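Trainee: Input: one structure, supplied below.
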Amino acid sequence: MSYARPNFRHPKQPENDAGFTRRDYEGAISTLCAGCGHDSTTNAIIQACFELNLEPHRVVKISGIGCSSKTPAYFLSRSHGFNSVHGRMPSIATGANMANRDLLYIGISGDGDTASIGMGQFAHALRRNLNLNYICMNNGCYGLTKGQDSATADRGSAGKKGVPNPYESIDLCELAIELGASYVARGFSGDKKQLVPLLKGAMAHNGLAFIDVISPCVTFNNTASSTKSYHYVREHIETTNTFDFVPLQREILTHYDEGTSQEVTMHDGSIIHLHKVDSSKDLTSRQKAVNNLEKEKEKGRFLTGLLYVNPEIDETHDLINSTLRPLNTLTEEDLCPGSEILDRINSAFR
Amino acid sequence: MSYARPNFRHPKQPENDAGFTRRDYEGAISTLCAGCGHDSTTNAIIQACFELNLEPHRVVKISGIGCSSKTPAYFLSRSHGFNSVHGRMPSIATGANMANRDLLYIGISGDGDTASIGMGQFAHALRRNLNLNYICMNNGCYGLTKGQDSATADRGSAGKKGVPNPYESIDLCELAIELGASYVARGFSGDKKQLVPLLKGAMAHNGLAFIDVISPCVTFNNTASSTKSYHYVREHIETTNTFDFVPLQREILTHYDEGTSQEVTMHDGSIIHLHKVDSSKDLTSRQKAVNNLEKEKEKGRFLTGLLYVNPEIDETHDLINSTLRPLNTLTEEDLCPGSEILDRINSAFR
Amino acid sequence: MNKIERINDFVIRFCNVNGSGSASANNLFAKAIFRLGVPVSPKNIFPSNIQGLPTWYEVRVNEEGFLGRRGGIDITVAVNRQTLFGDYQDVLPGGYFIYDSTKPLPEKFQRDDISEIGIPLTSLCNEAFSNPKLRQLLKNIIYVGVLSFLLDIDLSILTGSIKKQFKKKPKLAEPNIQALEIGFSYARDHYPDTCRISVRKSDKLTNEIMMDGNSAFGLGAVYAGATVTGWYPITPSTSIIEAFERYTNMYRIEEETGRKKVAIIQAEDELAAIGIVIGGSWNGARSFTATSGPGISLMSELLGLAYFAEIPVVLVDVQRTGPSTGMPTRTQQSDLLACAYASHGDTKHILLFPCDPRECFEFGADAFDLAERLQTPVIVMSDLDLGMNDHVSAPMQWESDRKYDRGKVLSADDLENMQEKWGRYLDVDGDGICYRTIPGSHPTKGAYFTRGTSHNQYAAYTEESSEYEANMKRLLVKWQTARTLIPSPRIKIRDPEYTIGLLFYGTSTHAAYESISRFSRNGLEINSLRVRAFPFQDEVIEFINQHSILFVIEQNRDGQLRTMLINECEIDPAKLQSILNIDGLPIAASFITDAIQGSNLITIPESLQKQNKPGGKQ
Amino acid sequence: MNKIERINDFVIRFCNVNGSGSASANNLFAKAIFRLGVPVSPKNIFPSNIQGLPTWYEVRVNEEGFLGRRGGIDITVAVNRQTLFGDYQDVLPGGYFIYDSTKPLPEKFQRDDISEIGIPLTSLCNEAFSNPKLRQLLKNIIYVGVLSFLLDIDLSILTGSIKKQFKKKPKLAEPNIQALEIGFSYARDHYPDTCRISVRKSDKLTNEIMMDGNSAFGLGAVYAGATVTGWYPITPSTSIIEAFERYTNMYRIEEETGRKKVAIIQAEDELAAIGIVIGGSWNGARSFTATSGPGISLMSELLGLAYFAEIPVVLVDVQRTGPSTGMPTRTQQSDLLACAYASHGDTKHILLFPCDPRECFEFGADAFDLAERLQTPVIVMSDLDLGMNDHVSAPMQWESDRKYDRGKVLSADDLENMQEKWGRYLDVDGDGICYRTIPGSHPTKGAYFTRGTSHNQYAAYTEESSEYEANMKRLLVKWQTARTLIPSPRIKIRDPEYTIGLLFYGTSTHAAYESISRFSRNGLEINSLRVRAFPFQDEVIEFINQHSILFVIEQNRDGQLRTMLINECEIDPAKLQSILNIDGLPIAASFITDAIQGSNLITIPESLQKQNKPGGKQ
Ligand SMILES: Cc1ncc(C[n+]2csc(CCOP(=O)(O)OP(=O)(O)O)c2C)c(N)n1
Ligand SMILES: Cc1ncc(C[n+]2csc(CCOP(=O)(O)OP(=O)(O)O)c2C)c(N)n1
Ligand code: SF4
Ligand code: SF4
Ligand SMILES: [Mg+2]
Ligand SMILES: [Mg+2]
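Chains as they are written, first to last, in the working numbering: chain A, 774 to 1123; chain B, 774 to 1123; chain C, 6 to 623; chain D, 6 to 623.
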């Protein structure tokens, strides 16, 4: 049951440039466990949409199944949403996106939903560079089915049952880079300051933006021996370059010293300014991006932040050369060759 | 229809140390297209088994669906085989391997079978380091369904229809390394000299050995504009270190100069001697292995040979700590707790 | 006010918030009644989330042993403020409403036909305990103490249970016992002589056990010698594998090495899970998996392969309402068609229908014999109610000299001594079942290449129509053989005139028998047949033919068993009336009784018409 | 010897090796007959591999227009040495055996009841052509030239076809024409007056077309305005998407930009393919996919979701024999149950059964209207025979003013002007169909969260039993509505006494009508009903009730349509006799005739009993 939020609106809620208040981006009250990382991630999504001045009804939310996949009910209640089946968010999102390239698509998934049952669809949405914001709320476990290890659980990490996971874990960001995502980032639900700009950058990006959000499960995987607990993550986090996301509409005021910043211009003209800490962290090279991740992993640390970005890669619609008009707006006139042509075709079969 | 081969046996066929002739490792006559790369790969498998002195009936062949997946009919007719369904070879092999850890498992798949429909199972067999020789006969297309591009088709490569593939290709070797395979190699069906030892190394390896065999489809993807044609591959091949595979039984006679060779001891005591050409090609580091691949790719070349090996990683049975005895040999005595214990269990529910 | 006044015959409902630790308190209560020898059946009605949403635990106590859902609530223990008003209204007139009176009831709570019993649970708890986690948990224990007084349940039964539960950590027992006593004393001091419902020790239960069907099935698989499982988590089937794992950890550890005589693989999805089972079985290890509806859908291609390639498979479907974003925590019997005809092409699968934990254990074990004997998938059709709720049941049984029936498998010796040419798909015995071989058995004989249907009798590839056709028809011979091997139906003939017959299966059983018995008490005798397996045996057809009025009771919308009966037994549909419960809750006897009465097919005894029935709800 | 002597009525079989280029030669032959106005039906019987295995091309020529398989071969063109002897033996007595006499026939070829016609195809070809690739291809053309002489087919028809085919590369036409002439001359010189079978120009075909069902369906989807498809290659369905792509490349390119008004995504598997369709439809674009049995199995979970979440889906199942390693290149009608009840839970899907290319086009287009009107999956049941073989058929038709029926979709204006509260699952019109909205339409109205069944009428989450139950029952109302919208059956009443009725569907149609006509010619009139859709309309039930003896003709083992008829129409199974062909080849009229005669249910006219029937085979 999702309870309707009281309709009362505080008169002084600040509005964004599009005239919406933050509340216009909210959804029903969450029914997740108190303290669940997914709720923080939900909040960050709301914040990012608010700050980007999105029109709520031009956003589409699609999810699979899991605690994470329930969250679209808790943000953007003015947007259409689709809670589909386990592991199939990417294909539903592909179809939806093909039908109308003009909306903004947010795909929500979990680590079970993505790294196990959904592995194939994940890989191929990446390969096609679908114009989708793919947000994986990663808690290293199957929350909704009561805490089994997922494929992103680290080897040796133990959840509520206390049994260490014997298997190699899958690093979804490395995989995403390997498989062709054009924007890859890792965030932490506990660090909204970093997460919101990562989400904004993703939404401004044209192509598949994959964001792996470490989003602890307080009920089943927040134990002392879990590497996806709030405590452990906080202690082992390492960030890439910090960055500013500057939307097109805004005047660029900040000034960066030569050499300290890398500038990436997004498809819509927005600019991402990366504050370079370490020159090896060139975020537009796939190979270096993976090496950065591996290096931190060897030190037992999670690398967060923007990991890789390449705004130049064509998204699916461009790869298949489809019309710029939303396909779902085309009518008989656009689509049907008509009866005369059919007569001609019939003749060809005589 | 696979025709039975005439039973006539030439009296002077050479025998291997186990007393088998090469013919003992053969199968029915192939029904693939004349010149199909898969047939050469089949021959290399036969050769490798012969040279390794395997007992044919202790080998199990499992495949998915495709021209490639038919090949188990064409080798090792004395072994049990299973032509299953499309993309599910890894799970069938997992079950079979769990049932009896003492046999040698050869899994045959195609690039369609592995990189598309089978992506999830591929990834997870790797992650568990199943003790399996996973051979993917990679022709960049769907042979059996008449030549559609597969997910390993290179961007821009064109098959019989002449339409260049717009999508990013998936490099199965990189993925395999990324996802935890413990032995990763790439061969070319046209280079038996290299392929046979790669297969032998794989068979001696304890864990998941993934071999990506570029195996051209003469009927649908051997065109001038295809990057998986015989011609193109021959022109663009680059090999890692060459190597010798020395089975345990053989006395080690060859001598290597210090520094020119890297020695990897396999689980069964066999040794792989790598002849180092370039010190960057350290084959026991995942990161370097991937970088090697990427580097050649940037030059537009296929890197073949042994790409990565780590004989130290536990295979699935060890990860789950299962008995060393084949599970399928256990009997009532081993497995059934008996009626007295059941009485006790019943009491616990009172 | 006419207070409800009964001994060992009532329904109590606990209204909680999930994730608040109420489950063990409620279970403690149910178990206490069970230990007093009184038949009891708890049903947990829970939401598809982890924490913070309403959950109900409905316990029926019935000396006569009728343990289906009854409908109607005599006593409510209302702890969840989210649902307080609805729960209040659901109490039957004359019933009792126990609530946390730390806060007073709001104004609109104005019934005068029930007894309100306010217990300041929160404040009592906060006074006694300081640890916040304990506070939350023990609030639940306090109301069990309250009930102990109100229902006259010996407190020592409850304290005994707690001591047993905390045997290894006796420190933890203390506060629990203290909480029980707090509740007991408060009720004694404030509500003497209030409740006219009570529990009295009985001799109705002697040898019975109380457990959930999933645990029983998991244990059955251990006994049957299952060694390979691939599985994927899904409610309500997960606890089968958990039980299997728990018991293998107890009974399958190799003494010398500490290694396990089992391979349990959490698969990446259901396609892989069934693949693992097929691979394991094909290679000679008893293998199984468990899932629910969505998993069945995903497994269907491979189930078809197993049917055609003739590979044993044991699969449990713990049914829930479809689809994935349906009501996954509600019970239903709606996967029959999906399972019976799973996969494309002409396929049919063996189904077994257990009705209680003992049968879960028994069919759990038998399924492996059947699957190997018949070399085909055997699907055990359980459901959420059976799988996840505790049920009172006869104890599990195992013949000490029972041997596994591995079916027609040729050993190395068999192959060695064989004179004839072996054919994997050669019907030597005329029963449609052929001899199979296991990889690695013999150096030169018995190897073959397994495929679907494009093979001849010797497993060689062919696309010859006549070979194909002959093979497809042999599979039908095997199907006939199956009818002689699977569990036979349970038939109860009470009316030798064979007027009315009831057919049902699985978790409709208790409610069906209760309804029959109510009719019987009013002079109308009804015969019954409990279906235990598919394909249907001759007894089923005979039973249907013998009766003129027949009802088929199911917990699905489309009458799926009826469909199968009509089809496979060539029954005139006009003969079979459906009684269908689809609300996602276990079917109640009153629902069946009403449906039979409402059908206008029979003359209802007047006595029955007049009886007042406890109300519905939920 | 009694030579077979016939005009425009014979069966010829070409025996080739696949991958040898015979397909286009054989097609040239069939097309020539078609262009002479003579009804003809070619059937390609091919192996599940790419090159080197036997393949047969069976062409029936029948002036009367009976175009089902007949069985029995009058003329054989034997080019494949692998199957030479079998092919030799299959020729009917009095028939003709044309073979490559470059090598003599082996000794055991010793029939004296057929005419052997040796043509040294290989040497003729080698003499005339030097290019090895041409040599292989033109060998096939030579035998077409031979047939031109033997069967008296005007050579200019053939040369005309060739010129048309190579319009763009006239150079290539030359050697083909030369090859035709070589064959013609050789036969004229060596086998004058040998063959008594001939083809004569006819006026039977005037307006007809000859094409395969898959192309027709692909074109139907273009006309219906489909814009999104996700698909995965699988024989025999792939050519639907290929046709769709071909025609969109012709008719859906935006002039100004060169961009395509379509999105065709080759998916990673069938799960993704159906997911893409669901996503596309949900978002307001007409979307479809095509697959065969294995794909249906894999799609079943998502099909269930589409049923419950009420999303339009158009899916074509081009049926083949199961499973994957069954005989994927053989035809069957064995996925009916898998499709009708696809997915777990209580699900039912609309099925359409086209019988020829014209209906493939028509249903192809109608399926989109139905799916959107009914907001549910519509599955078009084709099969390999219909999809991949060429069929003579009435031309495809499109009303020039036809508008798409997009069903109950609320536009931005509708939403803006709406006074009442909109409910996604509110049955405003009482037909079980509710109003849906498309993402992005309106700033404040019409957004909702799509889920399976755990919702109330306003699409808000609920686990309330009564809401669930009401919703499930509304879906049944919609099912009733569907019966009024789907294509009605084709009924032919010949016998006003209503004695015998035949029911059939899809590719059994031609054979069924032929069999009926044979009975008719012998004085026995049989009525027929061709099922065109599921659920079944009242007409179907009436037809069944009217008749005393009923046969249901199907191409599967288990009588799947009969099962559905019994079930859904509440028919007494005893009324329906199955006639089942399961050999993977298109059903033949003689098979049906035999089955009806063999049933002992009817008195067979003596005249018919005596008729000698051409033999079976294959
Ligand atoms: C086909 C199928 N299999 C299994 C399930 C059961 N199931 C529901 S959620 C879930 C896992 C969710 O894990 P994750 O995606 O990590 O989400 P989380 O709950 O951890 O946020 C599973 C296995 C299902 N709904 N459908
Ligand atoms: C579920 C399913 N979908 C589709 C098919 C059809 N199919 C058969 S083989 C094949 C692809 C084979 O490609 P690949 O694995 O690369 O093998 P190749 O023939 O190229 O060796 C496909 C799609 C199938 N058999 N099953
Ligand atoms: S179970 Fe875990 S993932 Fe699910 S809502 Fe609770 S804390 Fe979040
Ligand atoms: S189609 Fe291609 S892959 Fe298949 S057998 Fe022929 S050459 Fe090999
Ligand atoms: Mg998770
Ligand atoms: Mg391939």
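Just so you know, even glycine gets a beta-carbon here, dropped at the ideal spot from N, CA and C. Keep in mind it's a predicted model, so treat the numbers as computed, not measured.
If you measure beta-carbon to beta-carbon, which residues of the stretch 14-47 of chain D are closer than 8 Å to chain B?
Mentor: Identification of residues in the stretch 14-47 of chain D having a C-beta nearer than 8 Å to some C-beta of chain B yields G24, given in sequence order.
Trainee: N938 (chain A): beta carbon under 7 Å from a heavy atom of ligand 5?
Mentor: By 1-based counting over the first sequence, the position of residue 938 (chain A) is 165. N938 (chain A): no, Cβ never under 7 Å from ligand 5.
Trainee: Is there contact here, the stretch 415-427 of chain C with the stretch 246-254 of chain C, by at least three beta-carbon pairs under 8 Å?
Mentor: no
Trainee: With a 10 Å radius around its C-beta and 16 neighbouring C-beta atoms as the bar for buried, classify R1133 (chain B) as buried or exposed.
Mentor: Since the first residue shown for chain B is 774 and the last is 1123, residue 1133 (chain B) is missing from the structure and cannot be characterised.
Trainee: Please check if any C-beta of chain B sits within less than 8 Å of the C-beta of K413 (chain C).
Mentor: Here residue 413 (chain C) is taken as the residue at index 408 of the third sequence, counted from 1. Answer no: the Cβ-Cβ gap between K413 (chain C) and chain B never drops below 8 Å.
Trainee: Output needed in chain order: residues of the stretch 222-246 of chain C with a Cβ under 8 Å from some Cβ in chain A.
Mentor: Y237, P238, I239, T240 and T243
Trainee: Within its chain, find whatever has a CB closer than 7 Å to the CB of K266 (chain C); leave out the 5 residues flanking it on each side and keep chain order.
Mentor: Indexing the third sequence from 1 puts residue 266 (chain C) at position 261. Here the set comprises T232, R257 and E259.
Trainee: Does the Cβ-Cβ distance between L507 (chain C) and F541 (chain C) come in under 8 Å?
Mentor: Here residue 507 (chain C) is taken as the residue at index 502 of the third sequence, counted from 1. Here residue 541 (chain C) is taken as the residue at index 536 of the third sequence, counted from 1. Not a contact, by the Cβ cut-off of 8 Å.
Trainee: For G620 (chain D) and chain A, any beta-carbon pair shorter than 8 Å?
Mentor: One-based indexing of the fourth sequence puts residue 620 (chain D) at position 615. Because the pLDDT at G620 (chain D) is just 41, under 50, the model does not fix this residue reliably, and the value given afterwards should be weighed accordingly. It does not; no Cβ of chain A falls within 8 Å.
Trainee: Around the C-beta of Y463 (chain D), are 16 or more other C-beta atoms found within 10 angstroms, so that it is buried, or is it exposed?
Mentor: For the purposes of this step, residue 463 (chain D) is taken as the residue at position 458 of the fourth sequence. Exposed, since its Cβ has fewer than 16 Cβ neighbours within 10 Å.
Trainee: Do S446 (chain D) and L420 (chain D) have their C-beta atoms closer together than 8 Å?
Mentor: Numbered from its first residue, the fourth sequence carries residue 446 (chain D) at position 441. Numbered from its first residue, the fourth sequence carries residue 420 (chain D) at position 415. Yes.
Trainee: Quick check: is any heavy atom of ligand 3 less than 7 Å from the C-beta of N7 (chain C)?
Mentor: For this step, residue 7 (chain C) is matched to residue 2 along the third sequence. No, the beta carbon of N7 (chain C) sits no closer than 7 Å to any heavy atom of ligand 3.
Trainee: Since I950 (chain A) contacts A924 (chain A) with CB under 8 Å, what's their CB separation in whole angstroms?
Mentor: Here residue 950 (chain A) refers to the residue found at position 177 of the first sequence. Here residue 924 (chain A) refers to the residue found at position 151 of the first sequence. No, I950 (chain A) and A924 (chain A) are not in contact; Cβ-Cβ is about 17 Å, not under 8 Å.
Trainee: Pop quiz: Y101 (chain C) and C20 (chain C) are said to be a contact at Cβ under 8 Å. What is the actual Cβ separation, rounded to whole angstroms?
Mentor: The count along the third sequence starts at 1 and reaches residue 101 (chain C) at position 96. The count along the third sequence starts at 1 and reaches residue 20 (chain C) at position 15. No, Y101 (chain C) and C20 (chain C) are not in contact; Cβ-Cβ is about 13 Å, not under 8 Å.
Trainee: Spell out whether any CB of chain C is found under 8 Å from the CB atom of E1024 (chain A).
Mentor: Within the first sequence, residue 1024 (chain A) is the residue found at index 251, counting from 1. In this predicted model, E1024 (chain A) has a pLDDT of only 47, less than 50, meaning its place in the structure is not dependable; the value taken from the coordinates is given anyway. Judged by the 8 Å Cβ criterion, E1024 (chain A) is not in contact with chain C.
Trainee: Can a CB atom of chain A be found closer than 8 Å to the CB of P863 (chain B)?
Mentor: Taking the first residue of the second sequence as 1, we reach residue 863 (chain B) at position 90. Answer no: the Cβ-Cβ gap between P863 (chain B) and chain A never drops below 8 Å.
Trainee: For P578 (chain C), which of helix, strand or coil comes out of DSSP?
Mentor: Within the third sequence, residue 578 (chain C) is the residue found at index 573, counting from 1. P578 (chain C) falls in the helix class under three-state DSSP.
Trainee: Provide the residue span of the alpha helix (DSSP H) that contains R535 (chain D), from first to last.
Mentor: Your numbering for residue 535 (chain D) matches position 530 in the fourth sequence. Not the alpha helix (DSSP H): R535 (chain D) falls in the beta strand (DSSP E), residues N532 to R535.
Trainee: Under a Cβ-count criterion, where at least 16 other Cβ atoms within 10 Å of its own Cβ denotes burial, should T458 (chain D) be classed as buried or exposed?
Mentor: Numbered from its first residue, the fourth sequence carries residue 458 (chain D) at position 453. So T458 (chain D) ends up on the buried side.
Trainee: Leaving out five residues on either side along the sequence, give the residues of the same chain with a beta carbon under 6 Å from the beta carbon of T1000 (chain B).
Mentor: Locating residue 1000 (chain B) in the second sequence gives position 227, counting from the first residue. Correct list, in chain order: D927 and S930.
Trainee: Do F189 (chain D) and G150 (chain D) have their beta-carbon atoms positioned less than 8 Å apart in this structure?
Mentor: What you label residue 150 (chain D) is simply residue 145 of the fourth sequence in a count that begins at 1. What you label residue 189 (chain D) is simply residue 184 of the fourth sequence in a count that begins at 1. Less than 8 Å divides the Cβ of G150 (chain D) from the Cβ of F189 (chain D).
Trainee: Under 8 Å between C-beta atoms, does N561 (chain D) make it to chain E?
Mentor: No chain E appears in this structure, whose protein chains are A, B, C and D.
Trainee: Would you kindly check if the distance between the Cβ of Y956 (chain A) and the Cβ of V1082 (chain A) is under 8 Å?
Mentor: Your numbering for residue 1082 (chain A) matches position 309 in the first sequence. Your numbering for residue 956 (chain A) matches position 183 in the first sequence. Yes.
Trainee: Does DSSP put P688 (chain C) in a helix, a strand or coil?
Mentor: In the structure as shown, chain C begins at 6 and stops at 623. Residue 688 (chain C) is therefore absent and cannot be evaluated.
Trainee: Please list the terminal residues of the continuous alpha helix (DSSP H) segment that includes A277 (chain C).
Mentor: On the third sequence, position 272 is the one that residue 277 (chain C) refers to. It spans E275 to W287 - the alpha helix (DSSP H) in which A277 (chain C) sits, taken as one unbroken run.
Trainee: Which residue wins for smallest C-alpha separation from C809 (chain A), given the options A:L827, A:S841 and A:L825?
Mentor: Working through the first sequence from its first residue, we reach residue 809 (chain A) at position 36. Per the Cα distances, A:S841.
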